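In the numbering used here, the protein residues as written are -16 to 201.
Here a beta-carbon is modelled for each residue, glycine too, at the ideal position from N, C-alpha and C.
Bear in mind that the values here come from a model prediction, so they are computed numbers and not experimental data.
Here is the structure we will look at.
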Amino acid sequence: MTAIEQKSYSLPPVELQEVLRYAACRGAEGEVLTLAQWAAETAAPLLQGRVCWRESRVEIWGDTVGLGSAVWTSKALARRLAGCERAVVFAATLGLELDRLITRYGRLSPARGLMLQALGAERVEALCDTFQQEMTQRCGKTQPRFSPGYGDLPLEAQRDLFAMLECPKRIGLFLNESLLMSPSKSVTAIIGIGGQACAAAGCGACTQRDCTFRRETT
-16 MTAIEQKSYS LPPVELQEVL RYAACRGAEG EVLTLAQWAA ETAAPLLQGR
34 VCWRESRVEI WGDTVGLGSA VWTSKALARR LAGCERAVVF AATLGLELDR
84 LITRYGRLSP ARGLMLQALG AERVEALCDT FQQEMTQRCG KTQPRFSPGY
134 GDLPLEAQRD LFAMLECPKR IGLFLNESLL MSPSKSVTAI IGIGGQACAA
184 AGCGACTQRD CTFRRETT
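Listed below in structure tokens is the structure:
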């Protein structure tokens, strides 16, 4: 595995319709849209996008995947990394300020607390997208990211990723005994480098067509 790298990122502008989708208010207008705008104006300036990552050789034996010292059995991950000789393992976080705002407004105004939660989901996805775009520019073709808890990759894989990345030391990201991350608006994931064409990912690969949070896909 390569050495761990870390970096702070400036986030792209907030996509309010994505915030509304995460709040299960897709296409809302009036007061709900105003609430989403309030969340963006209140929280976005306080967020700190931070990422740590390292590159690893990929080894696949049937449904078993090896990344450095970590070995997992996951048919879905093996399929996603098929043909990839390398992968980037990363962790991304927005910092604690948003958690503090969510806790504060969760008591004062559940509606504002909900919208801040939705904003956090949109912002951390934007951070991951920004990071993946950088990795694509650096490494060439990349596969859609894949996180512990997706498909048949167990959530317990978080422990391996945290050990690989030294997340508390690098970006102030912690994992508790219940496998919950703090700050809560954080993501760990694996990005395959090269490999086969991936026809669908994310919502496009999901069979739950009636999901409230589903993106429009073609």
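Proximity below 8 Å, CB of residue i to CB of residue j
| i | j | result |
| --- | --- | --- |
| F129 | L138 | no |
| I154 | C35 | yes |
| A53 | M147 | yes |
| G96 | L77 | no |
| A61 | L110 | no |
| Q126 | I174 | yes |
Expected contact under 8 Å - CB spacing of residue i and residue j to nearest Å
| i | j | result |
| --- | --- | --- |
| S39 | V72 | 6 Å |
| L91 | A70 | That belief does not hold up - the Cβ atoms of L91 and A70 are roughly 43 Å apart, past 8 Å. |
| A59 | G134 | 3 Å |
| Y5 | A94 | Actually they are not in contact, since the Cβ atoms of Y5 and A94 sit about 14 Å apart, beyond 8 Å. |
Residue i to residue j span [Cα, whole Å]
| i | j | result |
| --- | --- | --- |
| D112 | I(-13) | 20 Å |
| S(-7) | L64 | 29 Å |
| T119 | L99 | 30 Å |
| E117 | K124 | 11 Å |
| E259 | A27 | Residue 259 lies beyond the residue range present for the chain, which begins at -16 and ends at 201; the question has no answer from this structure. |
| R(-5) | C122 | Rather than Arg, the amino acid found at residue -5 in this sequence is Pro. C-alpha separation (whole angstroms): 22 Å. |
| L30 | F114 | 16 Å |
| Q20 | G32 | 20 Å |
| M(-16) | L163 | 26 Å |
| N159 | K152 | 15 Å |
| L3 | E24 | 15 Å |
| W55 | D143 | 10 Å |
| R37 | K(-10) | 12 Å |
| A7 | G178 | 35 Å |
| P131 | L156 | 16 Å |
| L202 | V41 | In this structure the chain extends from -16 to 201, so residue 202 is not present and cannot be described. |
| E105 | C150 | 22 Å |
| L81 | E108 | 15 Å |
| S161 | G89 | 22 Å |
| E12 | L79 | 30 Å |
Residue i in three-state terms, based on DSSP
| i | result |
| --- | --- |
| I(-13) | coil |
| E80 | helix |
| V2 | helix |
| Y133 | coil |
| L162 | coil |
| G123 | coil |
| E149 | coil |
| A75 | strand |
| G49 | strand |
| A188 | In this prediction, A188 has a pLDDT of 49, which is less than 50 and means its spatial position is unreliable; what the coordinates show is noted afterwards. DSSP places A188 in helix when its eight states are reduced to three. |
| R9 | coil |
| G175 | strand |
| R95 | helix |
| V41 | strand |
| G103 | helix |
| E108 | helix |
| G155 | coil |
message = If contact is defined by three or more beta carbon pairs under 8 Å, each pair taking one atom from either stretch, is the stretch 164 to 179 in contact with the stretch 75 to 89?
response = Yes: at least three Cβ pairs fall under 8 Å.
ask   = With contact counted as at least three CB pairs below 8 Å, one residue from each stretch, are the stretch 46 to 56 and the stretch 1 to 16 in contact?
value = In short, these stretches do not touch, since the Cβ pair count stays below three.
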